[in-house]
Every structure is written in structure tokens, then in C-alpha cells.
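Here the structure comes first, spelled out in C-alpha cells, and everything after it is commentary.
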Amino acid sequence: MPFPGPILLFPAYTDACLHLQLVQSPDMYTINDTIVAPATPPGEGALGIIRLSGTDAVDIVAGIFSGKPLKEQKSHTAHFGKIKDGTRVIDEVVVTLFCAPHSYTGENIVEISCHGSQYVLQQVTSLCLSRGARLAKPGEFTLRAFLKGKMDLAQAEAVADLIASHSGAAHRAAINNLRGGFSARLKAMREELIKFSALIELELDFSEEDVTFADRPQLYSLVADLTDTTTALLQSFKLGNIVKNGVSVAIIGKPNTGKSTLLNTLLDEERAIVSDIAGTTRDTIEETLNIDGILFRLIDTAGIRDHSIDIIENIGMERSKTAMEQADIVVYLFDVMTSDPQQVSQQKATFEANGMQYIMAGNKVDAAGILQAKQKFGDDVVYISAKNKDNIHKLKDLLYQKVIAGGVNPEDTLVTNARHYGALQDVLASLQDVKAGMDNNLPGDLVTLDIRRSLHYLGDITGEVTTEDKLDYIFSKFCIGK
Amino acid sequence: MFLKYDVIVVGAGHAGCEAAAAAANMGSKVLLITMNMQTIAQMSCNPAMGGIAKGQIVREIDALGGYSGIVSDKSMIQFRMLNKSKGPGMWSPRTQNDRVLFANTWREMLEQTPNIDFWQDTVNGLIVSRGTIEGVVTGMGHSIYAKSVVLTNGTFLNGVIHIGEKQFGGGRMGEKGATGITEQLVSLGFDSARLKTGTPPRIDGRSLDYTKMEVQEGDEEIVGFSYLPIERIKPKQQRCCWITYTSQEVHDILKTGFEKSPMYQGRIKGSGPRYCPSIEDKVTRFAEKDRHQLFVEPEGWNTVEIYVNGFSTSLPEEVQYKALSSVPGFEKCKFFRPGYAIEYDYFPPTQLTYTLETKLVNNLFFAGQINGTTGYEEAACQGLMAGINAHRKAKDLEPVSLGRNEAYIGVLIDDLINKGTDEPYRMFTSRAEFRTLLRQDNADLRLTELGHSIGLASDERLALMLAKRGKVENLKNKLAAFSVEPAQVNEFLQENNSSALVERTRAIKLLLRPGIGIKEMATAIPALAVEMDEPDMLVVEQAEIQVKYDVYIEKEKELVKKMEGLESLMIPETFNYEKLHAISTEARQKLAKIKPRTLGQASRISGVNPSDVQILMVYMGR
């Protein structure tokens, strides 16, 4: 029977590892003013959006907008009209209104959809500035949302991830975290733990009384569950990271095995999707491949693939070695007609010995030759023809399988943030201490000490515990206008 | 007729006595006013001091230079160290005391303290001028002036006693209550509310059959509370207590009185302590339990009076009598007096600062049940801190307070002033984040230097503490340097189910093994005993705790460090919370009212969420 007293836990305290200089009126965080910034990335596009947030957002835009009187319009409505600087028309636009508190930041928000010319966007922004708006600082829209209690820290971080997501899976993970999936999971864990330690605390503080408590085996299995959850979340970091940043794949092999052709084939097939992504990505435009929502970055070890074989022969080994070291997955391509089976299996053994993720791919196999090739090189090789585009889907399947082989479902909650990862490692370590304590039959007060530590680190993630460091870190990741 | 005092203390219970003694010992001219000189330092409820978390508080009071530990040691009839099977943070000293001897010892010690004057009278008014207290007005019509005033009114403010359908005014059974003060404070802008507490019947021990009860003996070793060398009783002299149980039959009888119970009829408005519930509460709330434990405690050396711990009740006397008569051993019990409930005024303690001074009236301090706490120890430590600060305020000295990582006293006061309480507040070890640091064995090491620096703890205390600290370090160094050969120790290890050594090991490493203590090891290895040369068992124990639990102590220290980050972030006194639109109205109001000194304190105010603190931080930061 649980003792129906209140849960007596030490008060959640917050921590701070650094010392703040106190300033009475910090200009960055006064939120009485209205901020403005282009919300779409720089560059030419069909549309460009300028966003304003703050008490005067509607007033400011109403003053430069000719069309319906904006101040009389309802929230969540869009209006066509012109933006004018005096009598000069700058652009024809659509203005969308979101009135406080039902907006992203919880303040009045106006979005002006202009034509995507940098000149137009700049002109409209300047107009807003001249009417009393202030240029937003990086992350300030989200900071305001956070300050208005619209989201917690983990959600704010998810916004940063969402904005940066380049693939379907990254998008799903970010959306999941934005909706509070990660926070919810951790909060549930925290609650379980709090219940758990409250029972032990009761046992300690009422040890003189004749009261009974939940049985130990039950508590034992709870810690085991929590350890599993934490471990899974930690494992998901690898996938989360992959989902966020893409999986690097190095295709290596001897000259003339068809690496370049394979690369082209892989990319060719994906051209439509790749070019979609290319428009929104910056540094990984060329050799990226999207398989079922996971982004693969193909490291072109041949690199200079249309050039002289001599060069490849000279520097190929060097380049391949570096590429292999950097890659998450290595695809070893060999020519089934000319390769020595013993050399291939030696190569395989090397990968194994180094604990690498690898795929052995035999190239230049036509439909009729597969059986023969299998006899020669074995079953755990994928046989393809890069030139004829045979079995390329099998190779892709394998790549995908390698990524999610950890048993982690990309639809699950993913840890995508290094700060969360670090804190979860601390959670896991303290949970292991809890279990060790119970294994060694340590007294309850020492066991709860480790539970308190786990709670502390969990709170670190969801913002139950906070540091100025963390706030800085989180909000500095945003680009202006987000 | 009266001097102008530095400090007037109103009330001579556990809080008032500590307050008067502390202020006087530090050099204030003190007047202690009590309604009755014959009831100084009454144990109004159970005849015991200490216990879990409370024992730690008594040791802290002692380490700082208070009297409660000494008085308890001198008047004990039994000593037990509770929770010895748990980690050292849980070890809790507890004494059964002779109620009369306890009160007499207190009075004696107060009388021997220079600077304390006594006056028997009732205080029914305060002299307040321009927001500062200047003195008190008594029932006999005297105006007495002082620089600081400490109110420790206990349960006496508009106290109402309930037994069944009977109710009468009073501060304790047979003593009248105090009126006027609450009304005046409310007119000055204070909030007041009602609380309830209760006490069990007192029984004639000659009418009990102890053969039907379990015996509970005292410990074979008496540690006591005080760090000073005090002549305590010998273990063999101790009196024993007994344990017996209620039954379904007893519960059924109790239920027949419910309709006449003041609680059930709603005559009592104040909320009672959930942790020390009356027997009728237990029967209702834990309906599935078919028995409850009762501790049968003697009230002293020379009395047959018995205290029935666990049977607090305000049911009609005849129901109390019938029910108790059905408890094994109590079949022929005779009552000295029935149990009763008492309702009284308290002032929600969020109206206080860290020094227990009220925010509304300068130089006015509150301590004890007036702040919504329950328990002698909780009251005594507040009295001590209020006495210290009343003295310092009178002498224009800086205030003194303790942190949550320094003492249970710090936890208690921090909880009270930030969270407030709407039921009688009792200390638990779980309220302290740093239980392993706030141990009963190291209160002297934690606090005596502070106590000495403010002129409260004597030179003798400081010298004893420093000697202990030096000896402990010395012993730890010796253990770290002493090598043990497998042959010297393997037999001993085997006897203690510990794996055998294969190579030479430092003694300090062996000590980390479960079940291996310094004392036992030294007995097994005579050379070690010679090397240690430490006859003081308290020093040995202290070294052992520090070595054995080092990992845990360090873990807590790491958490302390993290907490201190926020504690060091001062919030300007002039900070305008009105501009924090982003946080909830409740949090904004609480912050504006309590005016936390640091971000750490802000984070502990009830109704202030972590996200509110983050927002506050953003506003303060940069």
C-alpha cells in the first residue's frame, strides 16, 4: 500500500555553471518592441517572405499597405494589396495576419509574401524599420515564442533542426521533437523516476513507522526499463545524427571497377529528387542521394572520375584511405570478371577487423552471370551491373538497412542534439549506478542519491534545469528571421 | 521598572528558550517573557527529542552553540541511533526524555546564563512605530522596550482545544491561550491562518500489562546529541519502551465516535499534519490496514505516566477510553488525561526573510509554530536562528543564515520562506538535497566555526572540533600509508565474507569493502592498531565514514557546485517583476512578494516553474 502522503522530493533546483553579469535593461531581450526580418533564405526565389512580430506589427504594415484596412481584419486571414513607399509601389503582395496570442511567438505576427527579389525584400524591410520595427536578431522569433511559454527548450531546439532539415527523415524527427515527442518521453521518464524515488524516500523517512511500500522487484524492473529507454535514445543519436547530417558513403575499389559509373547510376536515378534538394541545400548539393527519406552523402573517392587513370593509380590509394576513414559506410566495388576471390575476402576481413560498416559489391555482372559469380565470391556480396543499372535497388536497400540496422526506427523519437546526447550519457551512467547500488544491496539513501542525479541530468535536457550556457547555445543556432 | 532590552523573547518553549540563550550568550540584554515560569521548556507532546532528520537538527543546534542537545543529553532516559543499517546520512540520534528533568534542566541553564532576565506575564500587544518594532505591551499593562522582539507563541495564539464535542480556549491543556497579537498583526497587514495539531492520551503505567507488548530497548552505546563532553547516563541505566498494535476491533470502536469528532463535524478549520495523523485520520485514510503501531513511552524516571505515541486523537473521552482498552496490554488502562486537538493561529512564513525577521515590521522575528512548523527540534532551531539575528540586528551586525548545502536548518528556513506551508511543516531527510553531506556525525565540522565566529559557540567547542578534524585527517593519512600483507588479513576477510587479498594493499582500500570497518580491521591487525594509536571512537568513526562514503560525498558535492551557480546570481532588490509579461501571473506575484535574493532562491518558490526561472534568467542575463 502506498503511503498517501505527498511526494516528498527535494525541490527541483536549477543550476548554472557560469556567472552572469547582471544588467538591468538588456537590450537584446526587451520584448516590448516589434521585430522584422526576411523569413526566407537569401537568393532569388519565386516568393520572399518578410515577417514581423510584436505589438505594433499590424500597425506598421497597415501604414505601408494599400488594400483592405488591416487593423479591422480577423486573425488568420490573408489579404492581397500593394506595399507602397509614399506613392511609389514597391510590390504586389499577400499579407497574412496572426493575432496574439494565437501565433508562433504569441505576439501579433504579420507575414508579407513578396516577389522573391532581394531588392524588393530589402525595400520592404527598410520600410518596416523606418516605421518603428527593429531588425530581428538570430533566433529572436523563436526566443520570443519560448519567452511567451509557447514551447520548452527541447522544442525550441527542434525548431532549429526543422529549419535545417534536408530530408524526409530529418523533417520527421524535427517535427516529432517540435511537437514535444522527445520532451514528452523524457518527462514520462522523469515522472516514473520521481515516483520511484519518492517511495524509497518514504521508506527512509518513515522507517520507524509500520508502513509498507511498493516491492523492490517492481522498482528493479522500472530501472531496467528506464535504462533501456535511455540506451535506445542514445543509440538513436547515431541515427539522429545521420538523419540530420546525412550518411557518408565511400565507394572504393581498384581502378576500372566501375566506381564512377556506379556513382553516376546512383545519382542518375535520383536526379529528380536530388535536384529538389539541391535548391535548398548548400554544401552537399552534388553527391547526395535520398533513400526512403534518409540522406546519403556519396564521397567520391574517384573524385576526378572522368580524368586520367594514371592519376587515379598514383593517388587513388591515398584518397581512398582518407575517404574510408571518414565514411559511415564503405561500399567496396570489385570487378567480378577480373578480381581475385582471395583478395576480395582479404579486403572483407580488413573491414571486419576495423569494425567498419561495409558493403561488398561485385560489378559487371549480367543476369546470366550471377550464379557463377556467387560460386566464386560467395553469398554476402551484392551483384550489380552499374552500367546496365541491374540490381541497383538491392544496393540501395542494403545501404538503408545498414543505417537502421541498430533496430532503431527512424519514425521513433530521435536524439539529434549533441547537448541532449551528453546529458543522456550522464543519465545512463547514473541509472547504472542506481542498478549497481541495488545489486549490491546498498541502503536506500545512497540509491536515491543516484536517482536524484539521473533526475538532475534528465531535467538538464528538458529545461527543468537550465544554464545560461544552454540558452546561449540554443538560441545562437538560429539564423536571423527564424 | 524595566530596562531597555536589546532583545525581548515572547514565549519560553523550545524556540523561545533557544532564542533567549543565543542572544544572551552573544552579548544582548535579553528579557524572556512567559505566561508561566513553571512551564518553561515543556515537552507538550511526546517525551522525546531527535529522530529521523530531527536528530540531525539537534546536533546542528549544538554545533552552533545552542542548548537543546545538552539539555536532551542531561535528561535522557533512553538513547537510540535510528537507521544504523542505512547510509550515514540517515543515522539519526533520538532520546526518550524525562519530561520534568528536561524542563528543569532548561530552566537551570537559562538561569545560569548571564544577560537573561525573566518576566511572567502575557504579551497582548506590540509597540510598532514607523514600520519598526519597539517593544511589547503586557497583560499587566507594562510597556517594555527593546531593539528586537522575537515572537515564539507556539499554539497559544487564539488557541482552541477540542475533545469530542467539547471545545474551550487554551494554549495547552489547563493553560489559557493568548489573544490580541494576531489581531494587531493582521491590522498591520500580516496574513494569518489556522493550523491544527493533536496529542494522545496520557495513561497510568501501573494499569498496563507489558507482557502483552514488545520491548524496545535503548542502544548499547550512548552517543548523545552534544559534541561537548557531558555526563550522560550509562547504557544499562536506560528505560525501555514498548510496542503494541491497534486492531480492527479498536478501529470499529473509534468509528463510533466519528460523528462527535470535531474534525468530522467541521468544527476544526485548520489543517493538521499529514505526517503525524491522528488515529482517527489513520483509520479513515488507511482503511485497508487492519492495525497501526503504537509506541508506549515512559514520561520519566520517577513517574508512572505513559505517553501513547501513535494514538493522537480528539474523539470524545469515552470513545478514546473504550478503544484504547481494546489494545493488547491496555485492557485495564486508566487515563491521566485524554488526548485532544488544538487549533491555533500561524502566520504563513513566506512573510519572513532568511533571518526570520518579518518583511512588514523591522526587527520583529518569528520562530516556531507561529511559522507553521511542528516539532520541538524545528522550533528550537528557528529560535536559535531568530535569536542570533535579533541580536545582530540590535547590534547593527550583518545577518547570518545557513544554506541548503550547509545544514538542515538552512533547508528548513529556505523551505518556509519560499514555499510557505499550509500544514504543520515537519523536517524529513528527503527535503534535503544533500543528505549525505548533512550528517549527524559532522554537524560540528560543518557549523562550529560559524557558531564561534559569531560569538555563540564557545572556545572549548571550537578547540574540540579542530582537534577532531586534525585527528581524523591524521588517521586517514595513516590508513592511506599503511600496507596490509595478505597473510595479516585474509583470515579476517574470510570471516567477514570478503574475498582474500593476493597482494599487499593499503588499509584505506580495504576499508572500501562492505562490512569492513576500521575498528574490526585494527583488532585483526595489531600492527595497524599500534600505528593508528587513536582511542577516540568518534574520530575513528568519522574517518571511516569519510573514507567509505567518499564516492557519494563527492557526487553530492558536485551537485552542490551546480546549485551554487544559480545561488551566486543575485537578483537586484529593485528588480521589476511587472515587466516579466512572459511568466504566469501567479509566478509574477509570488516573485514580487517574496523578492528572492538569488536566481536559486527564485527557483524554489512554489508556483514558480523552471521555465519561469529560465525567462527570468534571460531577462537578467547578457
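Residue numbers (the numbering used here), protein chains in the order written: chain A, 101 to 582; chain B, 1351 to 1972. For glycine and all other residues, C-beta sits at the position ideal for the given N, C-alpha and C.
Distance, residue j Cα to residue i Cα
i                 : j                    : result
asparagine 208/A  : serine 153/A         : 6 Å
lysine 1975/B     : phenylalanine 1518/B : One cannot answer for residue 1975/B here, as it falls past the ends of chain B, which runs 1351 to 1972.
lysine 1898/B     : aspartate 305/A      : 23 Å
alanine 1691/B    : alanine 288/A        : 41 Å
threonine 1502/B  : arginine 1522/B      : 14 Å
glycine 462/A     : glutamine 426/A      : 23 Å
leucine 1878/B    : methionine 1393/B    : 47 Å
threonine 1488/B  : proline 1749/B       : 29 Å
lysine 1912/B     : glycine 1439/B       : 21 Å
threonine 472/A   : valine 481/A         : Per the sequence shown, the amino acid found at residue 472/A is glutamine instead of threonine. Computed Cα separation, rounded: 13 Å.
aspartate 479/A   : arginine 285/A       : 42 Å
lysine 1497/B     : alanine 1744/B       : 5 Å
isoleucine 1383/B : isoleucine 1358/B    : 7 Å
valine 1889/B     : leucine 326/A        : 41 Å
alanine 529/A     : aspartate 1900/B     : 18 Å
histidine 1931/B  : alanine 1543/B       : 31 Å
alanine 378/A     : isoleucine 1955/B    : Note on alanine 378/A: pLDDT 30, under 50, position unreliable in the model; no value is reported.
glycine 206/A     : alanine 137/A        : 17 Å
leucine 1797/B    : lysine 1709/B        : 27 Å
valine 1711/B     : isoleucine 1483/B    : 6 Å
proline 1443/B    : histidine 202/A      : 58 Å
aspartate 1695/B  : glycine 1400/B       : 25 Å
proline 1946/B    : aspartate 550/A      : 29 Å
proline 317/A     : alanine 523/A        : 27 Å
glutamate 1917/B  : glutamate 1773/B     : 28 Å
aspartate 1423/B  : alanine 1730/B       : 15 Å
glutamine 1598/B  : aspartate 1640/B     : 5 Å
lysine 174/A      : alanine 298/A        : 50 Å
isoleucine 1965/B : leucine 558/A        : 20 Å
Sequence-distant residues of its chain with Cβ nearer than 8 Å to residue i (five each side left out)
i               : result
glycine 1865/B  : Asn1846, Asn1847 and Ser1848
arginine 1854/B : Ser1833, Val1834, Glu1835 and Pro1836
Paired residues, beta bridge with residue i - DSSP
i                : result
valine 1536/B    : BP columns for valine 1536/B are empty, so no partner.
leucine 197/A    : Thr177/A and Val210/A
serine 360/A     : Answer by DSSP bridge pairing: none, since serine 360/A is not bridged.
glycine 353/A    : Leu433/A
aspartate 191/A  : Ile183/A
tyrosine 1690/B  : Thr1549/B
aspartate 1695/B : Arg1544/B
alanine 461/A    : Leu433/A and Val482/A
Cut-off 6 Å between Cβ atoms - residues of its own chain near residue i, not counting five sequence neighbours on either side
i                 : result
glutamate 1707/B  : Phe1715
methionine 1490/B : Asp1471
glycine 1415/B    : Gly1801, Leu1806 and Ala1807
Where residue i meets chain E, residues with beta-carbon distance less than 7 Å
i             : result
glycine 544/A : Any reference to chain E falls outside this structure, whose protein chains are A and B.
beta-carbon residue i near the ligand ATP non-hydrogen atom, thresh 7 Å
i                : result
aspartate 1356/B : Ligands displayed in this structure: none; no statement on the ligand ATP is therefore possible.
Nonlocal neighbours in the same chain, by C-beta distance under 7 Å from residue i, ignoring five residues either side
i              : result
valine 1963/B  : Leu1949, Ala1952 and Ser1953
proline 1688/B : Ile1513, Pro1551, Glu1667 and Gln1670
alanine 1937/B : Gly1957, Val1958, Asn1959 and Asp1962
Could you tell me whether the stretch 1711-1730 of chain B touches the stretch 1497-1506 of chain B, where touching means 3 or more Cβ pairs closer than 8 Å?
-> yes
Take every Cβ of the stretch 1448-1465 of chain B, pair it with every Cβ of the stretch 1600-1618 of chain B, and state whether three or more of those distances are shorter than 8 Å.
-> no
With contact counted as at least three CB pairs below 8 Å, one residue from each stretch, are the stretch 1422-1436 of chain B and the stretch 1558-1576 of chain B in contact?
-> yes
Below 7 Å between beta carbons is the criterion; list the residues of the stretch 294-306 of chain A that meet it against any residue of chain B, in chain order.
-> Glu301, Leu304 and Asp305
Check distances from the C-beta atoms of the stretch 1434-1458 of chain B to those of chain A and list, in chain order, the residues that come in under 8 Å.
-> Ser1435, Lys1436, Gly1437, Gly1439 and Met1440
Name the residues in the stretch 1779-1797 of chain B whose C-beta lies less than 9 Å from a C-beta of chain A; which are they?
-> Thr1779, Ser1780, Arg1781, Ala1782, Glu1783, Phe1784, Arg1785 and Thr1786
May I ask you to list, following chain order, the residues of the stretch 1885-1915 of chain B that have a beta carbon less than 7 Å from some beta carbon of chain A?
-> Tyr1902, Lys1905, Glu1906, Leu1909, Lys1912, Met1913 and Gly1915
Contact set between the stretch 1389-1403 of chain B and chain A, restricted to residues whose Cβ is under 9 Å from the partner | Gly1401, Ile1402 and Ala1403
Could you say if the stretch 1547-1556 of chain B and the stretch 1655-1675 of chain B meet the contact criterion of at least three C-beta pairs nearer than 8 Å?
-> yes
Using 8 Å as the Cβ pair cut-off and three pairs as the minimum, do the stretch 1832-1842 of chain B and the stretch 1904-1922 of chain B touch?
-> no
How about the stretch 1748-1764 of chain B and the stretch 1406-1415 of chain B: do they share at least three Cβ pairs that are nearer than 8 Å?
-> yes
Does the stretch 1656-1663 of chain B come within contact of the stretch 1631-1647 of chain B, defined as at least 3 CB pairs closer than 8 Å?
-> yes
How do the stretch 490-503 of chain A and the stretch 534-552 of chain A stand: do at least 3 beta-carbon pairs fall below 8 Å, yes or no?
-> no
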